Amino acid sequence: MSLLEIENLRLGIGAVEILNDVSLAVTAGEILGVIGESGSGKSMTALSVMQLLPRGAGCSGRITLNGHDVLAMREAEMCGLRGQEVGMVFQEPMTALNPLQTIGDQVAETILIHEDASRAEAMERAHEVLRRVDLPPGRVAPSRYPHELSGGQRQRVCIAMAIALRPRLLIADEPTTALDVTTQAEVLRLLKRLVAEDGMGLLLISHDLGVVADMADKIAIMQHGRVVETGRFSDLRDPYSLALMEASDHKPDRAGHAGETPVLSVREVVRDYPTPRQGWLGKPGLFRAVDHISFDIQRGENLGLVGESGCGKSTLARAILGLEEVQAGAITLDGQPVFDGHQANRAVRRRMQVVFQDPYGSFNPRWTVGRSVAEPFHLLDDPPKGAAREAAVVEALENVGLSGKDRQKYIHEFSGGQRQRIALARALIIRPDLIILDEAVSALDVQVRARMLDLLADLSDRLSLTYLFISHDLSVVRNVTDRVLVMQGGKIVEEGETEAVFVAPRHPYTRQLIEAAPRLPKTA
Numbered sequence: 003m004s005l006l007e008i009e010n011l012r013l014g015i016g017a018v019e020i021l022n023d024v025s026l027a028v029t030a031g032e033i034l035g036v037i038g039e040s041g042s043g044k045s046m047t048a049l050s051v052m053q054l055l056p057r058g059a060g061c062s063g064r065i066t067l068n069g070h071d072v073l074a075m076r077e078a079e080m081c082g083l084r085g086q087e088v089g090m091v092f093q094e095p096m097t098a099l100n101p102l103q104t105i106g107d108q109v110a111e112t113i114l115i116h117e118d119a120s121r122a123e124a125m126e127r128a129h130e131v132l133r134r135v136d137l138p139p140g141r142v143a144p145s146r147y148p149h150e151l152s153g154g155q156r157q158r159v160c161i162a163m164a165i166a167l168r169p170r171l172l173i174a175d176e177p178t179t180a181l182d183v184t185t186q187a188e189v190l191r192l193l194k195r196l197v198a199e200d201g202m203g204l205l206l207i208s209h210d211l212g213v214v215a216d217m218a219d220k221i222a223i224m225q226h227g228r229v230v231e232t233g234r235f236s237d238l239r240d241p242y243s244l245a246l247m248e249a250s251d252h253k254p255d256r257a258g259h260a261g262e263t264p265v266l267s268v269r270e271v272v273r274d275y276p277t278p279r280q281g282w283l284g285k286p287g288l289f290r291a292v293d294h295i296s297f298d299i300q301r302g303e304n305l306g307l308v309g310e311s312g313c314g315k316s317t318l319a320r321a322i323l324g325l326e327e328v329q330a331g332a333i334t335l336d337g338q339p340v341f342d343g344h345q346a347n348r349a350v351r352r353r354m355q356v357v358f359q360d361p362y363g364s365f366n367p368r369w370t371v372g373r374s375v376a377e378p379f380h381l382l383d384d385p386p387k388g389a390a391r392e393a394a395v396v397e398a399l400e401n402v403g404l405s406g407k408d409r410q411k412y413i414h415e416f417s418g419g420q421r422q423r424i425a426l427a428r429a430l431i432i433r434p435d436l437i438i439l440d441e442a443v444s445a446l447d448v449q450v451r452a453r454m455l456d457l458l459a460d461l462s463d464r465l466s467l468t469y470l471f472i473s474h475d476l477s478v479v480r481n482v483t484d485r486v487l488v489m490q491g492g493k494i495v496e497e498g499e500t501e502a503v504f505v506a507p508r509h510p511y512t513r514q515l516i517e518a519a520p521r522l523p524k525t526a
């Protein structure tokens with residue numbers, strides 16, 4: 003008998019059908035990977051098991067969890083089941099954790115709610131659970147708050163909360179999407195170890211087949227609320243499954259027209275941050291986020307910048323954009339300094355734009371898309387007005403494959419991929435010389451990501467754009483860039499032509515990153 007059995011599950015919210023005849027099974031000690039695009043129904047299937055559904059949702063079919071008929075249980079009974087029999091790890095740990103509670107208190111809270119334990123006993127057990135997820139008190143104090151931890155550490159805290167009572171089933175919903183490759187590999191290894199140690203089942207949800215292909219015992223492919231195929235990776239044959247495989251390693255066609263003249267030059271740049279005073283008599287120190295970095299970007303070139311979270315990539319990007327003053331060195335665009343004294347040079351600043359990782363968070367939700375796309379016009383001394391302004395917005399939206407009519411809508415009316423296209427339209431509207439893409443495709447599912455990369459390649463060829471790709475996704479960097487810089491601890495430790503660096507990396511850290519990157523197993 004399976005630990006989890008889902009049979010003919012249907013789910014609707016109001017008149018909208020979300021899931022249709024979904025059937026899945028997970029046995030004890032088994033890892034089932036559920037793969038599909040955004041909106042395919044993966045997360046709603048998991049939330050149906052947990053019965054954490056939005057108001058107005060209705061389920062039919064059958065969900066059996068360790069002998070319990072989930073759909074027949076009252077909410078009070080489900081509260082006893084959650085945590086004890088099934089735990090869940092959500093995609094974004096910062097929003098899943100309470101910012102006002104220490105991590106020790108949050109893990110202990112799970113124990114106090116479900117068991118008759120004293121606070122001291124619960125805290126002692128919480129410390130032990132944190133050790134199990136490689137957060138021993140000697141290294142990460144349980145008295146710390148979520149904002150004091152890295153992304154990988156926060157995800158480990160969420161895992162600790164989910165396994166505190168050793169549930170029979172663990173559901174992990176996109177647990178590594180926002181993590182760099184080495185941290186992602188560590189979290190996946192941790193999940194696999196916990197499954198082996200506790201004999202629990204794991205339902206691992208992801209949009210990236212490469213992340214779970216060599217980890218899952220079985221894979222279920224979902225599309226439009228249905229399971230289109232289930233089986234081992236080597237047995238997948240459905241056209242949609244094959245399309246996901248192809249999109250996971252998509253390489254866009256590029257003409258490639260890098261010139262020999264640098265559009266951007268970075269010379270011996272240093273960026274320091276003050277650190278807190280140590281004790282009453284101590285002096286504040288300095289943390290060096292960017293340490294004497296130098297490189298050029300040729301006009302028309304795609305340059306990749308890779309490295310773990312915290313290595314200084316985004317700090318360097320802010321310095322290039324003139325958003326943060328540097329303590330030493332020089333940054334020039336076509337020979338003109340980005341900084342004029344202690345201020346960003348406005349004439350240079352208008353020739354660079356940025357596309358951020360989270361498009362929704364980078365837009366004002368109260369503005370129409372047209373107003374948001376036109377926002378960079380404030381950098382111009384004589385911005386277009388009236389009909390000329392509207393025409394420029396329409397052209398920018400059409401350049402990224404959207405309609406001019408979309409300018410009248412609001413950002414919440416679009417999908418994640420469409421939002422990123424709108425962010426790109428905003429970056430293009432004043433025709434910059436350089437566009438910095440800071441993790442711009444890392445949160446997109448593989449097919450949307452492939453279409454976005456094709457769009458970027460097409461725009462690069464048509465408009466002679468120069469890109470700086472900042473990413474922790476090495477497969478993207480390998481497939482879209484001409485050269486790559488590898489950054490560690492604020493320094494560039496390796497640079498060269500992209501394919502040469504990936505085929506024969508010289509620095510140990512580069513080899514570590516490449517080995518940690520997920521890749522699809524070879525099939526017959």
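Just remember that my numbering sits 2 ahead of the position in the sequence shown, which is counted from 1. Idealized CB from N, CA, C, for every residue including glycine. Note that the structure is a prediction, hence the values are computed from the model and not measured.
Residue i lies in the beta strand (DSSP E); which residues open and close that run?
| i | result |
| --- | --- |
| H294 | 287 to 300 |
| N10 | 6 to 15 |
| Y147 | Here Y147 belongs to no beta strand (DSSP E), and DSSP marks it neither H nor E. |
| P276 | 264 to 277 |
| A174 | 171 to 175 |
| R485 | 485 to 490 |
Helix, strand or coil for residue i, going by three-state DSSP, please let me know.
| i | result |
| --- | --- |
| V329 | Note that residue 329 is Gln in the sequence shown, not Val. DSSP places Q329 in coil when its eight states are reduced to three. |
| A526 | Residue placement at A526 cannot be trusted, given a pLDDT of 49 that sits under 50; what the coordinates show is reported in the next sentence. Looking at A526 - three-state DSSP - the assignment turns out to be coil, as it is neither helix nor strand. |
| K411 | coil |
| H70 | strand |
| P203 | Looking at the sequence provided, one finds Gly at residue 203 rather than Pro. DSSP places G203 in strand when its eight states are reduced to three. |
| M52 | helix |
| S152 | coil |
| G35 | strand |
| R423 | helix |
| Q345 | strand |
| D216 | coil |
| N22 | strand |
| T232 | strand |
| N366 | coil |
| K553 | Outside the shown range of the chain (3 to 526) lies residue 553, about which nothing can therefore be said. |
| S208 | strand |
| K253 | coil |
| L196 | helix |
| D2 | No statement about residue 2 is possible, as the shown extent of the chain runs from 3 to 526 and does not include it. |
| Q157 | helix |
| A27 | strand |
Considering Cα atoms alone, identify which of the options is closest to residue i.
| i | options | result |
| --- | --- | --- |
| M46 | I165, G154, L204, R228 | R228 |
| V28 | M489, V18, L5 | L5 |
| P101 | A518, V159, E248 | V159 |
| D440 | S374, V308, P520 | V308 |
| K194 | C313, I322, A30 | A30 |
| N22 | G60, P434, A122 | G60 |
| R290 | R513, I299, V272, H474 | V272 |
| P56 | R64, T66, G16, L67 | G16 |
| S50 | H70, R76, L11, G69 | L11 |
| E130 | H149, P148, D107, E150 | D107 |
Hey, quick one: how far does the alpha helix (DSSP H) through residue i stretch, first residue to last?
| i | result |
| --- | --- |
| S62 | No alpha helix (DSSP H) contains S62, which is instead part of the beta strand (DSSP E) from 59 to 67. |
| V448 | 448 to 465 |
| R480 | 476 to 482 |
| F471 | No alpha helix (DSSP H) contains F471, which is instead part of the beta strand (DSSP E) from 468 to 473. |
| D107 | 105 to 116 |
| Q93 | It is not in any alpha helix (DSSP H) - Q93 carries neither H nor E in the DSSP assignment. |
When you compare the CB positions of residue i and residue j, do they come within less than 7 Å of one another, or not?
| i | j | result |
| --- | --- | --- |
| R423 | L404 | yes |
| S301 | T263 | One detail in the question is off: residue 301 reads as Arg in this sequence, not Ser. Taking 7 Å as the Cβ cut-off, R301 and T263 qualify as a contacting pair. |
| I33 | A218 | yes |
| I438 | L470 | yes |
| L522 | S208 | no |
| L204 | V197 | yes |
| G38 | M202 | no |
| I161 | V135 | yes |
| V292 | L318 | yes |
| Q86 | E176 | no |
Are there any heavy atoms of the ligand ZN lying less than 6 Å away from the beta-carbon of residue i, as far as the coordinates show?
| i | result |
| --- | --- |
| F289 | Of the ligands one can find in the structure shown there are none, so the ligand ZN has no counterpart to examine. |
Does the CB of residue i have a neighbour CB from chain C at under 7 Å?
| i | result |
| --- | --- |
| Q155 | As a matter of chain content, chain C is missing from the structure shown, which is built from one protein chain. |
Between the region 147 to 156 and the region 181 to 188, do three or more beta carbon pairs fall short of 8 Å? yes
Quick one: any contact between the region 451 to 464 and the region 478 to 495, if contact means 3 or more CB pairs under 8 Å? yes
For the pair the region 367 to 374 and the region 444 to 454, tell me if three or more CB-CB distances fall below 8 Å. no
Does the region 164 to 183 come close enough to the region 102 to 118 to have 3 or more Cβ pairs within less than 8 Å? yes
Assess contact between the region 114 to 134 and the region 73 to 89, defined as three or more Cβ pairs (one per stretch) separated by less than 8 Å. Is contact present? yes
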